[in-house]
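Using our numbering, the letters of the sequence shown map in sequence onto residues 438 to 895.
From the three backbone atoms N, C-alpha and C, an ideal C-beta is built for every residue, glycine too.
Model, not experiment: these values are computed from the prediction.
Written out below as structure tokens is the structure these notes cover.
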Amino acid sequence: MNSSYLGNKNTLKTIFKLAIPSMIGQLISVLYNIVDRIFVGNLPLNGEISLIGVGVCSPIVTLITSFAFLVGLGGAPMFSIALGEKNYQKAKKILSNALLMLIVVSLVLMIVFYMFSEPILFLFGASEASISYALDYLHVYLIGTFFSLLTLGLVQYLTAQGESFKAMLTTIIGCIINVGLDPLFMYVFSLGVKGAALATVISQFISFILVIFLLVKKSSIKLSFGNYDFKIMLQIVKLGISPFIIMATDSFILILLNSALKLYGHENGDFYIEIATIVQAFETLATGPLLGISSGTQPILGYNYGAKNKDLIIKAEKQLLIFALIFTSSFFALSFVIAKPFAIMFIGIGKETINYEIVNEASKIIFYYMIGIIPLSFQYIFVDGLTGLGQARYSIWLSLFRKVGIFIPCLFLLPLISNNVESCFYAEPISDVISAIISSTFYLIFLPKILKKIETKK
Numbered sequence: 438m439n440s441s442y443l444g445n446k447n448t449l450k451t452i453f454k455l456a457i458p459s460m461i462g463q464l465i466s467v468l469y470n471i472v473d474r475i476f477v478g479n480l481p482l483n484g485e486i487s488l489i490g491v492g493v494c495s496p497i498v499t500l501i502t503s504f505a506f507l508v509g510l511g512g513a514p515m516f517s518i519a520l521g522e523k524n525y526q527k528a529k530k531i532l533s534n535a536l537l538m539l540i541v542v543s544l545v546l547m548i549v550f551y552m553f554s555e556p557i558l559f560l561f562g563a564s565e566a567s568i569s570y571a572l573d574y575l576h577v578y579l580i581g582t583f584f585s586l587l588t589l590g591l592v593q594y595l596t597a598q599g600e601s602f603k604a605m606l607t608t609i610i611g612c613i614i615n616v617g618l619d620p621l622f623m624y625v626f627s628l629g630v631k632g633a634a635l636a637t638v639i640s641q642f643i644s645f646i647l648v649i650f651l652l653v654k655k656s657s658i659k660l661s662f663g664n665y666d667f668k669i670m671l672q673i674v675k676l677g678i679s680p681f682i683i684m685a686t687d688s689f690i691l692i693l694l695n696s697a698l699k700l701y702g703h704e705n706g707d708f709y710i711e712i713a714t715i716v717q718a719f720e721t722l723a724t725g726p727l728l729g730i731s732s733g734t735q736p737i738l739g740y741n742y743g744a745k746n747k748d749l750i751i752k753a754e755k756q757l758l759i760f761a762l763i764f765t766s767s768f769f770a771l772s773f774v775i776a777k778p779f780a781i782m783f784i785g786i787g788k789e790t791i792n793y794e795i796v797n798e799a800s801k802i803i804f805y806y807m808i809g810i811i812p813l814s815f816q817y818i819f820v821d822g823l824t825g826l827g828q829a830r831y832s833i834w835l836s837l838f839r840k841v842g843i844f845i846p847c848l849f850l851l852p853l854i855s856n857n858v859e860s861c862f863y864a865e866p867i868s869d870v871i872s873a874i875i876s877s878t879f880y881l882i883f884l885p886k887i888l889k890k891i892e893t894k895k
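Have a look at this one:
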């Protein structure tokens with residue numbers, strides 16, 4: 438079985454083999470949205486208002502992705518544990534149940550969001566000026582919901598078998614196609630934001646075909662229909678609820694942030710939503726690869742938990758944390774150099790005049806966000822580590838505490854206290870730092886208790 442190397446005593450080698458492709462895959466996935474936004478922001482005549490419209494759609498895109506994580510990251514640790522136990526029939530059964538769940542969820546989401554798209558977008562922060570652009574983008578994007586969900590969900594089962602390189606390739610190929618089609622549809626065919634969404638849908642379809650091919654023809658545990666079991670589906674949901682809540686609350690946070698910026702920004706609400714769109718895109722350049730490190734290496738933890746290799750779990754977690762800290766520290770330093778050029782890319786390519794008010798404000802807010810990026814290493818590694826060990830009941834509360842317990846109160850209280858809309862952006866770094874401290878403390882206390890269960894595990 439390809440998965441046998443997950444129990445290799447040289448955990449650092451295994452981490453690199455899984456983490457590097459997963460990081461690259463996550464980064465490429467992030468570039469899907471960033472490339473779309475850059476092309477949209479530079480549309481002639483209406484680029485900036487189009488960018489706001491696409492930005493308002495971000496919570497929906499994030500929410501759709503969260504359901505892929507519910508099934509993908511919910512079933513993948515179970516899948517890895519089954520491989521560690523050499524129970525290949527159970528692993529195959531988990532995969533077939535995950536496939537059915539992804540199909541049903543994708544169709545339901547596509548129908549619901551299409552039927553209620555306009556009121557949802559207004560609720561998420563759209564204005565009369567941006568709503569038409571938001572609807573143009575969303576209605577086309579929703580066509581690809583089926584392909585997007587199945588690709589993002591099923592690719593986790595390639596990674597869980599140790600096939601992270603193949604998983605990465607499916608994402609890279611999709612992104613290359615997306616980048617190539619964006620200018621063609623948007624500028625040559627004059628489709629505007631509809632062209633950006635259409636390019637994304639086509640690229641998602643290609644990635645979907647590749648993932649299905651790999652799981653049917655090239656996988657150790659092959660994709661199939663049948664063997665459906667409600668208990669397994671329930672277990673997938675229980676374990677996937679933590680990564681789902683992380684992503685879903687991110688969507689909820691985007692909604693609240695847009696609402697707070699409209700509330701406290703008054704007539705400048707759209708201006709600050711445009712700033713937020715740029716800043717959030719920049720942040721994903723860090724959090725995407727960081728998620729690749731933390732979630733992409735979960736198979737190591739799950740496999741060794743199933744194989745009762747307690748020492749390898751501890752060793753791997755230490756190495757993962759060091760790896761994550763090196764990455765986030767490097768990105769933090771790099772952000773001082775690339776923040777301003779990054780902001781210019783969104784609104785200033787090929788234009789004689791650049792709106793430097795937006796560029797300078799976005800650059801400043803990016804630095805606020807970067808204050809919390811290094812502490813996020815602890816949050817991601819420890820919370821996703823708990824999920825990888827099958828301990829969703831712990832990771833879910835740590836995830837919720839970060840966003841609901843800290844971010845939301847700060848988001849609405851800080852601008853009230855300071856009477857400054859810019860204070861809305863302080864909520865992110867504050868919640869990142871505090872939650873990292875809480876999660877680290879919890880993890881160090883409870884990990885020994887979790888590992889002790891291995892000794893009594895049959």
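Using a Cβ-Cβ distance cut-off of 8 Å, the segment 445-457 and the segment 743-759 are in contact, since at least three pairs of beta carbons, one from each stretch, lie closer than that value. For Lys-529, the enclosing alpha helix (DSSP H) starts and ends at 525-552. Looking at the backbone, the Cα of Leu-676 and that of Ser-832 are separated by about 9 Å. Contact annotation: the segment 451-468 does not touch the segment 571-587, with fewer than three C-beta pairs closer than 8 Å. Val-577 sits close to Ala-634, with the two beta carbons spaced by under 8 Å. Around the beta-carbon of Thr-790, fewer than 16 other beta-carbon atoms lie within 10 Å, marking it exposed.
Rounded to whole angstroms, the separation of the alpha carbons of Ile-540 and Ala-799 is 39 Å. In the displayed model, Thr-734 falls within coil according to three-state DSSP, outside both helix and strand.
Following the DSSP letters along the chain, one finds Ile-775 inside the alpha helix (DSSP H) bounded by residues 747-784. In this structure, Gln-816 places its C-beta atom within 8 Å of the C-beta atom of Arg-839. Residue range 484-521 is occupied by the alpha helix (DSSP H) that includes Phe-516. Cβ-Cβ distances below 6 Å link Gly-702 to Tyr-709 and Val-858 in the same chain, with the five nearest sequence neighbours on each side left out; the list follows chain order.
Rounded to the nearest whole angstrom, the C-alpha separation of Met-515 and Thr-765 is 29 Å. For Gln-598, the closest alpha carbon among the candidates Lys-755, Leu-738 and Ile-795 is that of Leu-738. When DSSP states are grouped into helix, strand and coil, Asp-869 belongs to the helix group. For the alpha helix (DSSP H) assignment, the uninterrupted runs of no fewer than 4 residues enclosed by the segment 592-665 are, from N- to C-terminal side, 601-620 and 629-654. When secondary structure is reduced to three states using DSSP, Asn-797 falls in the helix class. Counting along the chain, Arg-474 sits inside the alpha helix (DSSP H) bounded by residues 448-478.
DSSP, read as helix, strand or coil, puts Phe-719 in helix.
CA-to-CA, the gap between Phe-650 and Val-493 works out to about 34 Å.
In its chain, beyond the 5 residues on either side, Gly-478, Glu-711 and Ile-784 have a beta carbon closer than 7 Å to the beta carbon of Glu-485.
The C-alpha of Leu-850 is placed about 51 Å away from the C-alpha of Ser-656. By the CB criterion at 8 Å, Ile-531 and Ile-669 fall inside the cutoff. According to the DSSP assignment, Gln-672 belongs to the alpha helix (DSSP H) that extends over 667-702. Looking at Val-549, Ser-627, Phe-561 and Ile-818, the one whose alpha-carbon comes closest to that of Leu-694 is Phe-561. Contact check for Pro-726 and Gln-463: beta-carbon distance about 5 Å, within the 8 Å limit, so the pair qualifies.
Within the same chain, and ignoring the five residues on either side of Asp-869 in sequence, the residues whose Cβ sits closer than 6 Å to its Cβ are Gly-809, Pro-812 and Leu-813.
Rounded to the nearest whole angstrom, the C-alpha separation of Leu-606 and Asn-856 is 48 Å.
Lys-529 places its beta carbon 8 Å or farther from that of Ser-731. CA-to-CA, the gap between Thr-596 and Ile-854 works out to about 46 Å. Looking at the backbone, the Cα of Phe-779 and that of Asn-524 are separated by about 48 Å. Annotated three-state conformation of Glu-711 is helix, per DSSP. When the Cα atoms are used, Leu-480 and Met-623 turn out to be separated by approximately 8 Å. For Gln-816, the uninterrupted alpha helix (DSSP H) run begins and ends at 813-825, by DSSP. For the pair Ala-697 and Asn-483, the Cα-to-Cα distance works out to about 24 Å.
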